[in-house]
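Everything on this sheet refers to the single structure shown next.
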Amino acid sequence: MEERPIKVLVIMGSARKGNTYRAAERIREILEESAPVDWEYVMLKDVGLEQCRGCYTCFDRGEEYCPIKDDAALLEEKMHAADGVIFATPVYGFQVSGLMKVFIDRHSYIFHRPRFFRQKALLLTTVGVMGDKDVLDYLNTVARVWGFEVVARAGIVSHAKMGPLPAYRLRENEEKLQAAAKAFLAPLRRGTRARPGLFDVMAFHIGRAPCDELGESAPADHAYWEKQGWFEKGRRYYVDVPVNPVYHALGTVAEWYLRRRVRRDLREVS
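Going by this note's numbering, the residue at position 168 of the sequence shown is 168; the numbering climbs one at a time, nothing skipped.
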């Protein structure tokens with residue numbers, strides 16, 4: 001039986017097809033040595049995304065009411081259609097590129113209403129000297145709160161002005177890309193969701209408390225969580241997978257504390 005192509009979407013935060021693009025291409029080549037791949041780039045420089053206006057409409061009423069009419073919804077559709085998503089960005093000033101930050105900001109409602117539980121994520125950065133760990137950690141937080149199972153990450157050193165890289169750097173970069181591609185491929189083939197880590201379980205419980213307690217002031221969030229069945233008693237995570245009982249206990253305590261704090265604040269202002 002012929003293997004179904006794995007659909008991979010690359011969200012490219014570089015303004016040019018430089019080091020970050022070449023690193024993503026190398027990952028594609030490594031994957032294609034072992035499996036058929038349906039590969040697509042979203043070059044954020046070519047996508048119509050406006051700056052978020054901070055109006056809170058997506059939080060209060062829902063993303064469909066956003067006054068900005070750009071390509072944000074299309075990009076969400078593309079992420080839903082993918083099996084795996086690669087978030088790729090150069091490091092600019094110890095952060096993601098401006099293009100990538102606008103992309104994240106325009107989808108901020110997903111922090112409140114996670115949805116990408118089927119998709120696997122690979123995080124990719126390129127850096128001249130330092131800052132890749134900070135950026136990878138930030139992307140890890142974003143992707144996991146959005147629901148992604150982050151299965152691989154790679155920070156590549158690629159000097160923009162130094163000239164050719166020394167041989168040892170080239171070897172290190174190749175080893176990182178090889179390891180990331182292999183770590184990406186296995187879960188893509190598996191398909192099912194792995195057991196969530198402590199961070200993921202805590203994110204569920206910490207997100208559930210305000211979305212429940214603030215139902216009147218945040219109706220869109222409350223309605224979304226209620227529709228998913230996430231307020232049900234005994235619910236341990238967004239999807240039905242085994243959850244470490246210790247993680248669940250810690251998450252339950254964190255949720256209990258946060259609910260108390262939200263209720264106290266509501267009493268103070270009412």
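The C-beta atom is built at its ideal place from N, Cα and C for all residues, glycine as well.
*asked:* Quick check on the burial criterion: 16 or more other C-beta atoms within 10 angstroms. Buried or exposed for Arg236?
replied: buried
*Any contact of the stretch 183 to 190 with the stretch 230 to 247, i.e. 3+ C-beta pairs under 8 Å?*
no
*Use the C-beta contact count for Arg208: other C-beta atoms within 10 angstroms, 16 or more gives buried, fewer gives exposed.*
buried
*asked:* What residue range does the beta strand (DSSP E) around Phe87 cover?
replied: Gly84 to Pro90
*Arg144 to Val201 span [Cα, whole Å]*: 10 Å
*Reference Pro5; option with closest CA among Asp38, Gly98 and His205*: Asp38
_Below 8 Å, how does it come out for the stretch 53 to 66 and the stretch 210 to 221: are there three or more Cβ pairs, yes or no?_
yes
*Counting along the chain, where does the beta strand (DSSP E) carrying Arg153 start and finish?*
Glu149 to Val157
*Measure the Cβ-Cβ separation of Gly157 and Arg171 and say whether it is below 7 Å.*
The sequence given here has Val at residue 157, not Gly. No, Cβ-Cβ distance for Val157 and Arg171 is not below 7 Å.
_Pop quiz: Trp90 and Thr126 are said to be a contact at Cβ under 8 Å. What is the actual Cβ separation, rounded to whole angstroms?_
One detail in the question is off: residue 90 reads as Pro in this sequence, not Trp. Pro90 to Thr126, Cβ: 5 Å. Contact.
*Within 10 angstroms of the Cβ of Asp240, are there 16 or more other Cβ atoms? Answer buried if so, exposed if not.*
exposed
*With DSSP as the reference, label Leu165 as helix, strand or coil.*
coil
*asked:* Short of 6 Å in beta carbon distance, which residues of its chain neighbour Arg106, apart from the five on each side in sequence? Order them along the chain.
replied: Leu49, Cys52 and Ala72
*By Cβ distance below 7 Å, which residues in the same chain neighbour Gln119 in space, the five residues on each side in sequence not counted?*
Met79, Ala82, Asp83, Gly84, Val85 and Phe148
_Are the CB atoms of Leu122 and Ala35 within a distance shorter than 7 Å?_
no
_Terminal residues of the alpha helix (DSSP H) in which Tyr65 lies_ = Element bounds for Tyr65: n/a, residue is neither H nor E.
*Ends of the beta strand (DSSP E) at Leu124?*
Lys120 to Val127
*Are the beta-carbon atoms of Leu139 and Phe87 separated by less than 7 Å?*
yes
*Residues that Lys7 bridges to, as DSSP identifies them*: Asp38
*Assign Ser270 to one of two classes, buried (16 or more other C-beta atoms within 10 Å of its C-beta) or exposed (fewer than that).*
exposed
*asked:* Suppose you measure from the CA of Pro245 to the CA of Arg113; what does that come to, to the nearest Å?
replied: 24 Å
*asked:* For Arg16 and Leu258, I'd like the C-alpha separation in whole angstroms.
replied: 44 Å
*So Cys211 is in the alpha helix (DSSP H); what residue range does that whole segment cover?*
Leu198 to Glu213
*Residue closest to Tyr247, alpha-carbon to alpha-carbon, out of Pro196, Lys182, Lys227 and Met100*: Pro196
*Quick one: using the 10 Å Cβ neighbour count with 16 as the cut-off for buried, is Asp132 buried or exposed?*
buried
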